[in-house]
Every structure is written in structure tokens, then in C-alpha cells.
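So the structure is just underneath, and the comments pick up after that.
So this is what it looks like as C-alpha cells:
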């Protein structure tokens, strides 16, 4: 059997999928990156080999903020930005999709599509107030798991008004609401409303969000957020079955055009890799240079702005 | 007359006026010492000396002051308030000499002549040159003459002359459709666009991704034309040029897309950015605003740039 691999190394989670030529998902894995992207990729590949080891890999695509790293680890045929990857998988699933709302661990995106073409997009910049990390942090503070948040929100009768502009404000606002005696459900619902407001203010100002709208990324797991969006915009948000791995699916879809793959084979799961870093002393920019090493020495370097170190790895 | 070493921080108006300033002071027998190009260390110095609410370019500017202050006889930080009758510069630029003095102890003399056309009209040059003459122990007439000779950008300059001396987009900079390369117009304030460190080397990375980045400084007639399209004349001095550059790129069929590079806490840019998006892009050309601040990583800029290029190339179709 012949198949394609897509890898999405995000800030919080690492996703690996296996698809066939038609784009059907044959296998997938979703695990925490935990600050160790190489290990996350390798353990996913170990599991993939165990479960599906007899397939012939014909192409590999990577995306996400760790897409370059993933390329060095496994040997990729396509290295793609997250916007294009998410757009491709959404269009593949719903060809007439017009809006993609994607909220991940530390970033969020809005992508507008007309006739299968991306016409506009925006990404949040430095503020994480509208992302999964924010929800997770607040869930911990409220003593519930992030998975439970959504159902608590749906049970609310009168959502509390929580400031959403900044995690710090939201947190103090939530404490205040708790002291006032609002119940947990209303506070959680208020939190969902705050996140949605934040997203719309940061990314959607002046943009035409029209149906069909696909809601993907890890945060789409939260029915409270979905409901808050639908309430705010008066539109249905479609959450695809594979909502958390849509980026990886997109990366795999692009890899389908590969003629001869650069994939280094299943041994990538076992190779001894380590990373190290140093600050280049040669100019006042002091770029942080990252190195990936295997047993034989340095196999890749990046992080420098002048290219002096990065080029050594090529 | 003393031979003085005049320190000029490489930030803000430097990117618009440096050549004129240099010729002006050379003519007056002084040596100008610009600070080196922005580096991580210079920005760090700037951040260390200022409050966090300031915009990235002002923080960077103050980092350049830190580099220069101990090795020059005086610092030249002109206070530009209005370059023309009906416009103003950003208040942070107007207050730049004060901010500099408030942020550093042990500064050399800060020479901060006032340039204010709105208040002084025809007398603006005399007002500007008087404190310079005093600091350099020269006659006011001599300094005013040097000013008129070298600092022509403050006055109405014939369009052809501006085109030759200041326009950055040569006609042959645009690559033909047949090359398969995209022409991307990059607009923004010169002190962001041409500071390689702050702009995250945007021009370099664009070329690496196989596109042809273009920039231009609009001339008077282009500015007038752009201002006629929008509801009212743009009030901000540099913002006006950004808006006009956007207009030129939007209407030129050879340009495939436009990127507006701006700084996160920039007040004027938040106005002009909206104007550009809502009023000028009538033909719906691919347009992206790229906002920079001290936390922005190269990766964030590159991801957006790659996605923007994919969007123009319609890779998902």
C-alpha cells in the first residue's frame, strides 16, 4: 500500500497523519510537543511504523512552527506554511468553504477563501489571549480539565462578563467574578465569550466571515467556544472530524505531487539526535544558532540571520 | 569655528534625511558620525533605557543614542514638527529630544533645532538654523545658506529632481511577467523598511523566496493623486508618503501584491493602514499588513510572507 505522511509540529502539540492518494486519513497521532519536538516526532513515527509499517511512503510534507526541524529529522519533500496547509485540507474536505477559523495552542488564524483560492488571511501576533494556551491556563486555575471547559460553558444560564483583551486582565476579572459569587458555569461561559471577542477583535476586524465556516485546530474541541462563535456571528461553525490534525492533513495533501521522496525511512524513529545551541559571537546581533547533531556530528544548523551557520548545514 | 564631531543616531528621520544632514554639516566644517546599523544589542540598549509603551522605532533610536553619546561632541536630534503647512509629524518624533534627555544622564550637548513650517512659514529655515549657528559659532546667514544648498527635501522640489535623487523604484526594477517571478510592492516608513534588523531582512527573504520586492518614495504628483482618492488629505507627514506608495502599487498592473510593514504601537500607521485597506485597494489586490514589535520572531514574518506568496500564486486552486 502507498501513502503520504503529513507532520504538523506546533508549539503545544505535534500531529502526524498518514493519508492515501485520495486524501483519506489512514492513521493519525496527536501528542504534546512538551518542548521536545524531535522526541515528539520520533515517538509518533515509532507508533506509525508499529501500526502501519508495511506501507510504502511516497511523500512527506511538514508544516507548523517546527516545520523546518521536522524536515531535518525525517527528510521532507514539501515544507509548507500553516496558512496554506490549513487551507488545503479545508478545501479538500468542503470544496466551497469560504472561511476557516483555526485556533491552536499558541496562535490563531483566520483564512478567507473564494473559489478554492485563499483571498485573505490574518494571524494573531504576539498575544496569546485568544488561543488554547489561554484556555488551558484558566482551566487549571479553575481546577477543571481543559476538556471539561466546553460542557461547563454550555450549562451556563447567564454568562459572566470577563475581559478578554489580555490574559492578565481576564484572570483578575475571573477572580473578581468568583468572589462576587458567580457560579463556575457562568464564569467558564464568560471565558469562552472573552476568547471569541478577542479573536474577532484581533483577526476579524473588517473581514467578511461568510458560510460555510470551518472551525479547526485544537480549540475546536471546545463546544463552548463553538457556541460562543455561533452566537456572536449568527452562523454555523462546522467542526470537521479531524479538526485537530487539519494542518498535518494539508501538509500530506501537498506531498502527493512528490515524484521521488526524500523520506529517510523508518529508522528516523530510532536515530540518535540531539540539539544544542550557542550565541554566535561574530557580530553584535548575537543570533541564537541551533544545531542538530547525530552520532557523526552536526547535520543541520539554523537561527542565524546572515546565513553563515545555516549554509554550513546545506 | 570649532571642528566638531556630530553624532547622528541611525533611526527615524535618519533614513529620510541622512545624506542632506551629512552634506549640510560637512559644508559647515563638521564631521558627522552616524551610529552603526541596528543590531540586537542596540535595540536591547534602547529598551533598557525607555518605558515599554514606546514604539519599536523610538526604542531603537534611543539605543543608537546610547551607542553614540560617549564618543561625539554633540548629538544632532532635530525637532521636526511640521514639514509642510498642513501636516504634522508623529508626537513621539516631535518629543524626541526631550525623551532623549529624560532617558540618559551624561549626554553631550543635544542640538535640537526646531523645524515647524506650520508655525513659522517662510521663516522656518531661519528658526531651524539659528541654534545650529549658535552651537557651531557660525553666522546665522552662513548656516541658512548651507541649509538652502543641501537640505532641499524640506521644500518643494521639482518632481524630476526628487525622482532622480530620492525615488527608490527605478522603472526597470519591475520584472516582466515572463520571468515567472512575482513583483511585490513593500510600503512602510523608511526607518522600518530600510533598517535591516527591524524589518527582519524582509527584502532579502523575499528574494530568497523567489519574488522581486519593490519599494518607492512617491513624488509630489503621486502624493497629490493619492490624496485625491481618499476622503481627506493625510495629516501625518510620513504616513502621506506610505499611502501614496500604496496607491502607486495598487494601480500598477505589473505589481502582484502589496505588503505594508508597520510597527505595532505606531499611532499614525493604525490610521493609514485602515485607509489603505479600505479606500485605496479598490481593485482588491492581494494586500497584507505586517506588524513588527520587539517580540516578533523571524519565523512569524517568514510564515506570513510565505503564506502571502502562496496566496498570490493561488497554490490551493
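Chains as they are written, first to last, in the numbering used here: chain R, 43 to 356; chain F, 19 to 335.
The beta-carbon is built from N, C-alpha and C at its ideal position, and this holds for glycine as well.
Just so it is clear, the structure is predicted and the values come from calculations on it, not from any experiment.
I want to see whether chain R comes within less than 7 Å of residue 324/F, judged by CB atoms only; does it? Position 306 of the second chain, counting from 1, holds the residue named residue 324/F. So yes, residue 324/F belongs to the interface.
Counting contacts by CB-CB distance shorter than 7 Å, is residue 328/R in contact with chain F? For the purposes of this step, residue 328/R is taken as the residue at position 286 of the first chain. At a cut-off of 7 Å between C-beta atoms, residue 328/R counts as an interface residue with respect to chain F.
Compare the C-alpha of residue 169/F against each of 306/F, 43/F, 24/F and 325/F and name the closest. Residue mapping note: residue 169/F aligns to position 151 of the second chain, counting from 1. Looking at the Cα atoms, 43/F is the closest of the given residues.
Simplified DSSP state of residue 33/F, which is helix, strand or coil: Counting from one through the second chain, the residue named residue 33/F turns up at place 15. Three-state DSSP puts residue 33/F in a helix.
Excluding the 5 residues flanking residue 322/F on each side, which residues of the same chain have their C-beta closer than 8 Å to its C-beta? Numbered from its first residue, the second chain carries residue 322/F at position 304. The beta carbon of residue 322/F lies closer than 8 Å to those of 306 and 308 in the same chain, with the five residues before and after it left out.
Residue 124/R versus chain F: which residues are under 7 Å apart at the beta carbon? Translated into the one-based positions of the first chain, residue 124/R becomes position 82. Within chain F, the C-beta atoms nearer than 7 Å to that of residue 124/R come from 321, in chain order.
So, do the stretch 241–256 of chain R and the stretch 272–281 of chain R have three or more beta carbon pairs nearer to each other than 8 Å? Segments in contact, yes.
Verify the CB distance criterion: does residue 129/R have a CB-CB separation below 7 Å to chain F? The sequence position of residue 129/R within the first chain is 87, counting from 1. Output row for residue 129/R: interface = yes.
Using C-beta distances below 7 Å, list every residue in its chain close to residue 94/R, excluding the 5 sequence neighbours before and after it, in chain order. Within the first chain, residue 94/R is the residue found at index 52, counting from 1. Once the five neighbours on either side are set aside, the close Cβ partners of residue 94/R are 60, 68 and 69.
Any beta carbon from chain R within less than 7 Å of residue 274/F's own beta carbon? What you label residue 274/F is simply residue 256 of the second chain in a count that begins at 1. It does not: the Cβ of residue 274/F has no partner Cβ on chain R nearer than 7 Å.
Helix, strand or coil: how does DSSP classify residue 253/F here? Residue 253/F sits at position 235 when you count from the first residue of the second chain. Here DSSP, grouped into helix, strand and coil, assigns residue 253/F to coil.
From this set, 224/R, 326/R, 308/R and 351/R, which residue's C-alpha is nearest residue 100/R's C-alpha? Looking up residue 100/R in the first chain gives position 58. Selected option, being the one with the closest Cα: 308/R.
Does the pairing of the stretch 45–54 of chain R with the stretch 283–296 of chain R give three or more beta-carbon distances under 8 Å? The stretch 45–54 of chain R vs the stretch 283–296 of chain R: in contact.
Nearest to residue 271/F (by Cα), restricted to the options 192/F, 277/F, 250/F and 228/F: As a working note, residue 271/F is residue 253 in the second chain. Residue 271/F has its Cα closest to that of 192/F, out of 192/F, 277/F, 250/F and 228/F.
Residues of chain F with a CB under 8 Å from the CB of residue 158/R: which are they? Start at 1 with the first residue of the first chain, and residue 158/R comes out as number 116. Close to residue 158/R, with beta-carbon spacing below 8 Å, are these residues of chain F in chain order: 334 and 335.
Could you tell me whether the Cβ atoms of residue 14/F and residue 200/F are closer together than 7 Å? For chain F, the structure presents residues 19 to 335; residue 14/F sits outside this window and is missing.
Select from 209/R, 114/R, 316/R and 258/R the residue whose C-alpha is nearest the C-alpha of residue 131/R. Along the first chain, read from residue 1 onward, the residue named residue 131/R stands at position 89. Out of 209/R, 114/R, 316/R and 258/R, 258/R has the C-alpha closest to the C-alpha of residue 131/R.
Following the continuous alpha helix (DSSP H) through residue 244/R, name the residue where it begins and the one where it ends. By one-based count along the first chain, residue 244/R stands at place 202. Segment 226–245, the alpha helix (DSSP H) holding residue 244/R.
Around the C-beta of residue 48/F, are 16 or more other C-beta atoms found within 10 angstroms, so that it is buried, or is it exposed? Position 30 of the second chain, counted from the start, is the residue given in the question as residue 48/F. Residue 48/F comes out buried.
For residue 58/F, go through chain R and note every residue whose CB falls closer than 7 Å to its CB, in chain order. Here the question's residue 58/F lines up with position 40 in the second chain. By Cβ distance, chain R contributes 326, 327 and 328.
Kindly indicate if chain F contains any beta-carbon less than 7 Å away from that of residue 145/R. On the first chain, position 103 is the one that residue 145/R refers to. So, not an interface residue.
Spatial neighbours of residue 344/R within its chain, please: C-beta separation below 8 Å, excluding the five flanking residues on both sides. Here the question's residue 344/R lines up with position 302 in the first chain. So the qualifying residues of the chain are 110, 331, 332, 351, 352 and 355.
Spatial neighbours of residue 291/F within its chain, please: CB distance less than 8 Å, with the 5 preceding and 5 following residues excluded, ordered by chain position. Translated into the one-based positions of the second chain, residue 291/F becomes position 273. The residues are 278, 280 and 307.
Expressed to the nearest angstrom, what Euclidean distance is found between the alpha-carbon atoms of residue 38/R and residue 325/F? Here chain R has residues from 43 to 356 only, and residue 38/R is not among them.
Can you check whether the CB of residue 265/F is closer than 7 Å to the CB of residue 298/F? Counted from its first residue, the second chain places residue 298/F at position 280. Counted from its first residue, the second chain places residue 265/F at position 247. Yes. Within cutoff.
For chain B, check one thing: does any of its Cβ atoms lie closer than 7 Å to the Cβ of residue 71/F? No chain B is present in this structure, whose protein chains are R and F.
Let me check understanding here. Comparing Cα to Cα, which of 96/R, 175/R, 122/R and 229/R lies closest to residue 108/R? Taking the first chain and counting its residues from 1, the one referred to as residue 108/R is at position 66. Nearest option by C-alpha distance: 122/R.
Distance, residue 157/R Cα to residue 94/F Cα: Taking the second chain and counting its residues from 1, one reaches residue 94/F at position 76. Taking the first chain and counting its residues from 1, one reaches residue 157/R at position 115. Rounded to whole angstroms, the gap between the alpha carbons of residue 94/F and residue 157/R is 55 Å.
Relative to the C-alpha of residue 181/R, which residue among 91/R, 268/R, 283/R and 261/R is closest? Here residue 181/R corresponds to residue number 139 of the first chain, with the count starting at 1. Distance from the Cα of residue 181/R is smallest, within the candidate group 91/R, 268/R, 283/R and 261/R, for 261/R.
Taking 7 Å as the CB-CB limit, is residue 328/F close to chain R? As a position in the second chain, residue 328/F is number 310, starting the count at 1. Residue 328/F counts as touching chain R.
Using only the heavy atoms of the ligand PLP, determine whether one of them is closer than 6 Å to the beta carbon of residue 46/F. No copy of the ligand PLP appears in this structure; indeed no ligand is present at all.
Nearest to residue 163/R (by Cα), restricted to the options 129/R, 137/R, 136/R and 134/R: For the purposes of this step, residue 163/R is taken as residue 121 along the first chain, with counting starting at 1. When each option's Cα is compared against that of residue 163/R, the closest is 129/R.
Using alpha carbons as the reference points, say which of 65/R, 83/R, 238/R and 249/R lies closest to residue 72/R. Position 30 of the first chain holds residue 72/R. Minimum Cα distance to residue 72/R is reached at 83/R.
Sort out for me which residues DSSP pairs residue 134/F with in a bridge. For the purposes of this step, residue 134/F is taken as residue 116 along the second chain, with counting starting at 1. For residue 134/F, which the question treats as bridged, DSSP gives the partners 100/F.
Contact set for residue 129/F: own chain, Cβ-Cβ below 6 Å, skip 5 residues either direction: Reading the second chain from its first residue, position 111 is the one you call residue 129/F. Closer than 6 Å at the Cβ level, and outside the excluded window around residue 129/F, lie 92, 94 and 153.
Three-state secondary structure (DSSP) of residue 308/F: Sequence index remark: in the second chain, residue 308/F carries index 290 (1-based). Strand at residue 308/F.
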